[in-house]
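Reading through the structure tokens given below for one structure.
Number of protein chains: 2
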Amino acid sequence: MSMSELPEADSVSWPRTMAASNGATRERNEREILAAAERVFARHGYRGASVQAIAEAAGLPKSNVLYYMGSKRGLYVRLLERMMARWNALLDDISVEDDPADVLEAFIRSKMQLSRRHPEGSRLFAAEILGGAPFLQDYLSGELRDWVQARARIFEQWAERGLMDPVDPVWLIFLIWSATQHYADFEAQVLGITGKDELSDADVEEITTFLTRVILKGCGVRSREAEA
Amino acid sequence: MSMSELPEADSVSWPRTMAASNGATRERNEREILAAAERVFARHGYRGASVQAIAEAAGLPKSNVLYYMGSKRGLYVRLLERMMARWNALLDDISVEDDPADVLEAFIRSKMQLSRRHPEGSRLFAAEILGGAPFLQDYLSGELRDWVQARARIFEQWAERGLMDPVDPVWLIFLIWSATQHYADFEAQVLGITGKDELSDADVEEITTFLTRVILKGCGVRSREAEA
DNA sequence: AAACATCCTGACCGTTCGGTCAACAAATCA
DNA sequence: TGATTTGTTGACCGAACGGTCAGGATGTTT
Numbered sequence: 001m002s003m004s005e006l007p008e009a010d011s012v013s014w015p016r017t018m019a020a021s022n023g024a025t026r027e028r029n030e031r032e033i034l035a036a037a038e039r040v041f042a043r044h045g046y047r048g049a050s051v052q053a054i055a056e057a058a059g060l061p062k063s064n065v066l067y068y069m070g071s072k073r074g075l076y077v078r079l080l081e082r083m084m085a086r087w088n089a090l091l092d093d094i095s096v097e098d099d100p101a102d103v104l105e106a107f108i109r110s111k112m113q114l115s116r117r118h119p120e121g122s123r124l125f126a127a128e129i130l131g132g133a134p135f136l137q138d139y140l141s142g143e144l145r146d147w148v149q150a151r152a153r154i155f156e157q158w159a160e161r162g163l164m165d166p167v168d169p170v171w172l173i174f175l176i177w178s179a180t181q182h183y184a185d186f187e188a189q190v191l192g193i194t195g196k197d198e199l200s201d202a203d204v205e206e207i208t209t210f211l212t213r214v215i216l217k218g219c220g221v222r223s224r225e226a227e228a
Numbered sequence: 229m230s231m232s233e234l235p236e237a238d239s240v241s242w243p244r245t246m247a248a249s250n251g252a253t254r255e256r257n258e259r260e261i262l263a264a265a266e267r268v269f270a271r272h273g274y275r276g277a278s279v280q281a282i283a284e285a286a287g288l289p290k291s292n293v294l295y296y297m298g299s300k301r302g303l304y305v306r307l308l309e310r311m312m313a314r315w316n317a318l319l320d321d322i323s324v325e326d327d328p329a330d331v332l333e334a335f336i337r338s339k340m341q342l343s344r345r346h347p348e349g350s351r352l353f354a355a356e357i358l359g360g361a362p363f364l365q366d367y368l369s370g371e372l373r374d375w376v377q378a379r380a381r382i383f384e385q386w387a388e389r390g391l392m393d394p395v396d397p398v399w400l401i402f403l404i405w406s407a408t409q410h411y412a413d414f415e416a417q418v419l420g421i422t423g424k425d426e427l428s429d430a431d432v433e434e435i436t437t438f439l440t441r442v443i444l445k446g447c448g449v450r451s452r453e454a455e456a
């Protein structure tokens, strides 16, 4: 079992020709633009975001943004791909031999961390799905579906071995996704209701503990040692 | 305890003068426009939605939409108010004397029904929050906050009486909100992963049962009868 | 029929949209 | 240094934006 949270792979595709120049300027500007675009797209959705707004958020003229990114569409796709790469790195290999309690807790914890470390990316993803996933349909019914099904099979085997209740594993995965995603996507609601102006590390830890306890207990997860 | 799901209150504010005419035309057209607008706003967010697109979805010329609704902004606000009215009708009065199991199940069930009966409205609400709740901030930190706090206090009293585990009631409410909201907001993801092209009534019933069982068990909810 | 309010909509307004381009500045290579 | 790539940006394009308005269609009340 691993839950590598990659530093930022970013799979860059350089323009046609690239001299031996180190390209430091390009790297810095692209980073700035991507960060700004993630914020703007997350807040207003694909259609609602304007290149002008992204440029202003990045502190650059509009032309410069298009010089680096080519088009609004291309910029958006690139952000989605970056977010999917982060997502894919979550809990990428687990086995029936692992302890269900450990795996589920690691799952909840790492998903919570993803939402916390990349709230704008999480919201960008949410906005994309909310709008009917026009760019991600293939990913959802392909890669991600396989990912879910593989893990679902393991959960089922745990249930057969009596390590947890025989709950539908897909609904369980959705429960964990939704409960954790909520704190990024509905941040405005959470803050408004709790009266805080941001969630501290301690808050996040408390929520993580809460979710882990309720969900594990709710699924009747028993520790591996108790198997025999 | 009641969980009235109002037929559609809609709090209409008629234009200045209104002759004795029945206004059937107005009523029909407004209904069409509101339904179309809810779909378009939900899919593209406030900025991303265009009056032209709403008009086309309603099968009317753009001028006609503005004739009835005045402005894009006014139309959006009206939709939000309608959705908040539905939301407010949820579980509007519960008491410490109620059975926690009954209340929590009714809560999960009615929230799930809200997401199912008004998926576009749910997504509209989600898009609003996702974008930082520019129109709903006051509602969130006012009415809704009070709503949550009142229910939280009851949950706490139940915990004191040993009817459920002493979990943080606010996190619990968020858990229920997120888990149920998920099936409207992330419908595209749910369908893509399960391979279905829609969720049947039976699916929804199964999910509701799953959520009820896991969450109640996870919070250690005991039935009222066992109190003594 | 006359009078009146409601309903309908094409034409139009100023602004912003995504994107192109030419001209120029800066840096790197030869 | 001269040549070449890389970075920068204002001006501009056609299309779409939210919104206005005049003027005709429709319908209801006298």
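The listed protein sequences correspond, in order, to chains B and U.
For the first sequence, this note's numbering assigns the number 1 to the initial residue and increments by one for each residue that follows.
For the second sequence, this note's numbering assigns the number 229 to the initial residue and increments by one for each residue that follows.
C-beta atoms are modelled at their ideal positions from N, C-alpha and C, and glycine is treated no differently.
Exposure label - residue i; buried when at least 16 CB within 10 Å
{"i": "Ala430(U)", "result": "exposed"}
{"i": "Gly446(U)", "result": "buried"}
{"i": "Phe438(U)", "result": "buried"}
{"i": "Ala263(U)", "result": "exposed"}
{"i": "Lys111(B)", "result": "buried"}
{"i": "Ser71(B)", "result": "exposed"}
{"i": "Gly162(B)", "result": "exposed"}
{"i": "Tyr367(U)", "result": "buried"}
{"i": "Thr25(B)", "result": "exposed"}
{"i": "Glu205(B)", "result": "exposed"}
{"i": "Ser350(U)", "result": "buried"}
{"i": "Leu216(B)", "result": "buried"}
{"i": "Gly93(B)", "result": "The sequence given here has Asp at residue 93(B), not Gly. Counting Cβ neighbours within 10 Å, Asp93(B) comes out exposed, since fewer than 16 surround it."}
{"i": "Arg267(U)", "result": "buried"}
{"i": "Tyr76(B)", "result": "buried"}
{"i": "Gln417(U)", "result": "buried"}
{"i": "Ser249(U)", "result": "Confidence is the limiting factor: at Ser249(U) the pLDDT is only 46, short of 50, which leaves the residue's position unreliable, though a coordinate-based value still follows. Per the 10 Å Cβ criterion, exposed."}
{"i": "Glu187(B)", "result": "buried"}
{"i": "Asp425(U)", "result": "exposed"}
Residue i versus the options, residue with shortest Cα-Cα distance
{"i": "Gly448(U)", "options": "Val395(U), Ser406(U), Thr436(U), Thr437(U)", "result": "Val395(U)"}
{"i": "Phe363(U)", "options": "Met312(U), Arg337(U), Val331(U)", "result": "Met312(U)"}
{"i": "Ile357(U)", "options": "Arg213(B), Leu191(B), Ala36(B)", "result": "Leu191(B)"}
{"i": "Glu97(B)", "options": "Ala159(B), Gly131(B), Gly70(B), Val148(B)", "result": "Ala159(B)"}
{"i": "Tyr411(U)", "options": "Asp138(B), Leu91(B), Ser178(B), Arg109(B)", "result": "Ser178(B)"}
{"i": "Gly132(B)", "options": "Ala355(U), Ile322(U), Arg301(U), Ala361(U)", "result": "Ala355(U)"}
{"i": "Asn316(U)", "options": "Tyr295(U), Ile322(U), Glu371(U), Val331(U)", "result": "Glu371(U)"}
{"i": "Ile404(U)", "options": "Ala380(U), Lys424(U), Gln385(U), Thr422(U)", "result": "Ala380(U)"}
{"i": "Gln113(B)", "options": "Arg28(B), Gln181(B), Thr194(B), Phe41(B)", "result": "Gln181(B)"}
{"i": "Thr436(U)", "options": "Gly287(U), Leu332(U), Met392(U)", "result": "Leu332(U)"}
{"i": "Ala57(B)", "options": "Glu30(B), Arg73(B), Gly74(B)", "result": "Glu30(B)"}
{"i": "Arg195(U)", "options": "Ile336(U), Ile382(U), Leu318(U), Thr422(U)", "result": "Since the first and last residues shown for chain U are 229 and 456, residue 195(U) lies out of range."}
{"i": "Asp413(U)", "options": "Phe353(U), Ile282(U), Glu255(U)", "result": "Phe353(U)"}
{"i": "Ser369(U)", "options": "Arg86(B), Phe41(B), Ile33(B), Thr194(B)", "result": "Thr194(B)"}
{"i": "Glu384(U)", "options": "Asp330(U), Ser323(U), Arg314(U), Tyr296(U)", "result": "Ser323(U)"}
Coarse secondary structure for residue i, derived from DSSP in three states
{"i": "Asp92(B)", "result": "coil"}
{"i": "Val449(U)", "result": "coil"}
{"i": "Leu465(U)", "result": "A question about residue 465(U) goes unanswered here, because the residues of chain U that appear run from 229 up to 456."}
{"i": "Gly45(B)", "result": "helix"}
{"i": "Ser249(U)", "result": "Bear in mind that the predicted position of Ser249(U) carries a pLDDT of just 46, short of 50, making it too unreliable to give a figure here."}
With a cut-off of 8 Å, do at least 3 Cβ pairs link the region 116-134 of chain B to the region 391-405 of chain U?
Result no; under three Cβ-Cβ pairs closer than 8 Å.
Whole beta strand (DSSP E) elements within the region 159-202 of chain B, 3-residue minimum:
none
Could you tell me which uninterrupted alpha helix (DSSP H) segments, each at least 4 residues in length, are contained entirely in the region 74-143 of chain B, listed from first to last along the chain?
Listed in chain order, the complete alpha helix (DSSP H) runs (minimum 4 residues) inside the region 74-143 of chain B are 100-117, 119-130.
With a cut-off of 8 Å, do at least 3 Cβ pairs link the region 290-300 of chain U to the region 308-326 of chain U?
no
Count the C-beta pairs between the region 368-382 of chain U and the region 138-152 of chain B that are closer than 8 Å, then say yes if the count reaches three, no if not.
no
Quick check: the region 43-50 of chain B against the region 268-281 of chain U, are at least 3 beta-carbon pairs closer than 8 Å?
Yes: at least three Cβ pairs fall under 8 Å.
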